């Protein structure tokens, strides 16, 4: 690799040719024969060039960056071996990224040959790990003797050691600094003998949340505060640590060798090298101070070289030869904002003059060099920069270094900033609500049994209870999900016995997931209810301000770096923990099914393509909607896919790859049998073919980011990765041809793919070892001319929402401005907003015929809003039509059924027969009428659709277009409605009739009389009557007084009784507030009251002499009661209670006993038809059977006889009877 | 009228171990003449229920039941007309209706072959004339009519109050032209748990969005809030989203839980005096 740079520097090869060469394109005629020859000779090294370059740059910059903001992404791609992978023998087939390092062999073609053969995946035994730590047999160890300065320089990385203030550039210290090169994604030197170099790739471990993985601290990329080599503590933990057992010795040897070589080389170098000393040696004395060094363009040391490297580097970026575009940008910005050089001028260990401009001298000798280089690269990346959000642009445009080094670039950035509308907000208001009860899916009819229904009801409540508890507590320190909620969740899952309950619960779970995680706010932490309260206090106009404030406070809190691991921020954490705690196989399976289904559904959703020929104003309006819809679908898909990936790979996840080759092979053999949970490969293919990569790839990346170590080795997934790599390579931002993917779409894909390639479970060498020609990647986009890819569906907001790590660029720049070096590592959380709402329904399927083609052609020439309108109208009208049919035709049929049933019931007496039979016969009569539904449906659609279309289309729509649109809408609506109706009308009628029949039969049951007419109160009633509750309470008081015990002074004023009965009458007449139970109790109480009156048991207030009611008063009250019973009560009055032994027994202990009131009452009852004579006789008869005192029995018998002998008397006789009654009563009493 | 927490506490203080009888309520009214009987009764009832919940278990041990039954038998043996059961209940500080139930159950166990079903007991409590023993019937009746916190009549009164408030609420909704679905309609749609009303178009009350309304028609003390929250309101929230409106007595509070709890109208008969449901 170094040879290539060397050639470039010597101008043997042009940059263009070199980049072509790197990009593995076929040689073009542009290459001069000389170039071709040079490059051909280097061919075997081609693959390793980019990783080498990236590492080289990282290493070169290491002196600069330590003090800057966190440097998470030192070396994307290549440098070290993943610690988890022992150089190789066991896993020969799979390379590690570190293998991409050129081995230290001499770069002569001959020497390279063997290496070349090992290219690509076959490079197992890992030539690469120069950093040692491999066991015996690393082929390249100790190999030396090459003469290329670049190679030497590279090797110098390894040659320094803290003890020897050597020529080492700067690497050794850095390499050994755990903080700078955190062994991310790598396992800390665990088992003895397995220390492996950690890669410097920005680690993207799978999140600290993966409980199974060992801790991976690297993500936060702690600030580097001192010169690495002076940090013994770091050394201890670093796999490359100089003090580490297996690797370090050889490492030191190697370094030493390299150092010698390098000095030799330097002396040979034709051009004098820059005298600027470099230091790999620690500079403890200066590390503490953080004074910024001003960068001065005039003091750039080796312009030409920097320019050249910048050019090559930029070209690699432009050609997507680097794995992660944004990581590189981040790195470049780090260079731009470097504060000061660590290397001290006084540590001049450099050989002195003669090395100036040599390729072997350090690339960045000063801050000036760094800034110069960064600005050069940024100039070439301007297109990408110009698409960043406004805030970033502003910071860039205001960067004084940039202004100083390239006023032109600054001008362009300023212009871009001023023209930008891409305000990106990462905070949205949370809108967490519970999933509402959905009658179609949640009501009883959807459950196998009452029990299942009620269980689900309970589960729903438990689920939300758990959720609320999580919300309340999850941020408290020391609260543990599993401890707090685990057992409750498992208990709940335990109740989900039936498969159908599982699917219900999963549906609820998934909906709640989408609902809660749909906004970044929901993902951020504020949840449920809090925000609305605060917001409402402020009032709407301050909402904007509040939101901005909230953004400032909330957004920059979390860390993550430019390449964070996949995580479950905010509410997502709840769902993840829920899944983990539930640890229910059935639940997971149902969840996967459901997620897969939903993903397929959303992925296949037709998003109306945007045609470029729209006139502007309209397009703009439509645009927002389309983008919004796309964003919602995309974010939902990403969320679902993330959880699908999480659940699907959950059983296989482990902290590290299998330790031995054999084990791995057996696992591979096993796993390759398992069908993928969702056929993502096909979906990806389809997406690529339909040119919908911009929709498919982002969620696929989310899915794959949870893959375990084995997954990328499986053929199935390997082919997916390979496809993705090709796609990545093909997304050259500079190419904007007609029909190409839009810039921001590409940027989104590059960002997510770049992120994916950094995930630790994705093999490090994957990116660089892919063999195939990029030209081989040709997807024939047959199916659609304008796929989503060429529609600008992605905007900055979506880009930043999907890839919050891009925001790190802004923070880096901001921290430069603020002077804080971001030590606290405060970076934005990864926010993954998603949404469920308003995804729109799939437009109705059009029939295949010519008509459909005509309609398609029609829409093709019209703005997409027209099509949407028509489809929307058709969809709504079709649905309304069905509802209308239900409410009219079906309701009529049900009424007919009710009438028929009533007839039948009357005809057959109360019997009616079996309910099922009744339903059958009714349905057979009525269902044929269902055929009318289609006609009526057609009429309905015909009538309603045109108006709706007219209302929704612009006034100016040409008449012909309008009428075509109307016709199509009618057609579509009719099709939709009739399809549904013809399939379902019979079932619908049956269902409704069945419900009606059971309703009627049930009502037939207990109290047909009560059912009759229930009179309401009269129209004039103002509902001022006393409330029933009040009356019951009052009557109860009287009853309790009568029942005693009572204080001597307690009693009821006689007029109160009258008043009470009057009120009772009012209440019974008003009925507004009367409910049946209250009326029944009132009826019962009134009977009790009558019994007390008859027995004269009501204590009356008044002078002690007359503590009893006057006879006349009592009779008046009884009359009132009789009239209430007769006229006002609609509930049955339990009059038989009047003759219950208990109530009649009340008479027993009054002395003298007075029977006349009872007799009077009985007669009146008969008279008014309230009770039948026979009924009373029966009651009296049974009364005599009870146990009574002797004398009482006799009197009772007399009464009985009296009642019997009295013939049913007409009115006048009754009066006469009334007159004599006192006497008779007295007689009775005295007898 | 809004009751302050201090007033409430004072009332609650007076109710410590007071039997739930007519006389107690009368004394309470004399003590707090400014409070309506409904409010006092509601507080009384709730406080007493709390007391019963705490002590309920000790009255249901086998020994306790046996000793009560023996005392009852001895009492009525001496004088069947005396309020034996009622006095027993007051003496052991238990609700008369519940004491009546204990004794009745015990009595039936002794006199019937099969243990009495709950519905039989309930029906006898509702209508003591079904009780085979006349003395016991009278005793039971005396207990149930004298108990102002438990018993079939009290249950009915509570139910009636709930219904009345629902009607009042419905009237107010109609008066304000708010479109709603009531419980029956919701049940017909298959909702498993139903608040009194779901507003078809949400409204804002004091800056809070109201989706549904549940009238509790009872005094909203802390404890009952909590219980309702747990038993009902969260269930509604789980299904119908945000907030609620609780009608009746006298403490106003906005809970921090996303539910809006409010006093609507009091139990006065003149509803029109409180027209500002949506103040």
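Protein chains in written order, with the working numbering: chain A, 9 to 1239; chain B, 121 to 399.
In this text, a Cβ means the ideal position worked out from N, Cα and C, and glycines have one as well.
The structure displayed is predicted, hence computed values, not measured ones.
N- and C-terminal bounds of the beta strand (DSSP E) containing residue i
i                      : result
residue 304 of chain A : Careful: residue 304 of chain A lies outside any beta strand (DSSP E) and carries neither H nor E.
residue 691 of chain A : Here residue 691 of chain A belongs to no beta strand (DSSP E); instead the alpha helix (DSSP H) covers 688–697.
Buried/exposed call for residue i, threshold 16 Cβ in 10 Å
i                       : result
residue 458 of chain A  : exposed
residue 727 of chain A  : exposed
residue 1209 of chain A : exposed
residue 1120 of chain A : exposed
residue 1098 of chain A : buried
residue 891 of chain A  : exposed
residue 123 of chain A  : The predicted model places residue 123 of chain A with a pLDDT of 36, which falls under 50 and marks its position as unreliable; any figure quoted below should be read in that light. Residue 123 of chain A is buried by the Cβ-count criterion.
residue 125 of chain B  : exposed
residue 671 of chain A  : exposed
residue 661 of chain A  : buried
residue 295 of chain B  : exposed
residue 252 of chain B  : exposed
residue 769 of chain A  : buried
residue 1182 of chain A : exposed
residue 682 of chain A  : exposed
residue 1199 of chain A : exposed
Terminal residues of the alpha helix (DSSP H) in which residue i lies
i                      : result
residue 291 of chain B : 272–295
residue 773 of chain A : Careful: residue 773 of chain A lies outside any alpha helix (DSSP H) and carries neither H nor E.
residue 585 of chain A : 579–590
residue 766 of chain A : Note, residue 766 of chain A: premise wrong, no alpha helix (DSSP H); not H, not E.
residue 890 of chain A : 872–893
residue 242 of chain B : 238–246
residue 195 of chain B : 182–198
residue 487 of chain A : No alpha helix (DSSP H) holds residue 487 of chain A; DSSP gives it neither H nor E.
residue 219 of chain B : 216–231
Nearest residue (CA-CA) to residue i, options the options
i                       : options                          : result
residue 225 of chain B  : B/217, B/161 and B/236           : B/236
residue 468 of chain A  : A/611, A/707 and A/501           : A/501
residue 315 of chain B  : B/305, B/323 and B/321           : B/305
residue 212 of chain B  : B/178, B/193, B/243 and B/201    : B/178
residue 940 of chain A  : A/1198, A/927, A/893 and A/680   : A/893
residue 1057 of chain A : A/911, A/1109 and A/1009         : A/1109
residue 464 of chain A  : A/496, A/513, A/418 and A/495    : A/513
residue 263 of chain B  : B/137, B/283 and B/215           : B/215
residue 392 of chain A  : A/406, A/377, A/425 and A/374    : A/425
residue 429 of chain A  : A/1211, A/1031, A/803 and A/1000 : A/803
Whole-number beta carbon distance between residue j and residue i, since they are thought to touch under 8 Å
i                       : j                       : result
residue 265 of chain B  : residue 1048 of chain A : 4 Å
residue 898 of chain A  : residue 996 of chain A  : 6 Å
residue 719 of chain A  : residue 657 of chain A  : 7 Å
residue 1104 of chain A : residue 1123 of chain A : That belief does not hold up - the Cβ atoms of residue 1104 of chain A and residue 1123 of chain A are roughly 12 Å apart, past 8 Å.
residue 1005 of chain A : residue 870 of chain A  : About 51 Å; that fails the 8 Å criterion.
residue 269 of chain B  : residue 188 of chain B  : Between residue 188 of chain B and residue 269 of chain B the Cβ distance is about 19 Å, and since that is not below 8 Å, they are no contact.
Cross-strand partners of residue i (DSSP beta bridge)
i                       : result
residue 1060 of chain A : A/1108
residue 302 of chain B  : B/317
residue 332 of chain B  : B/318
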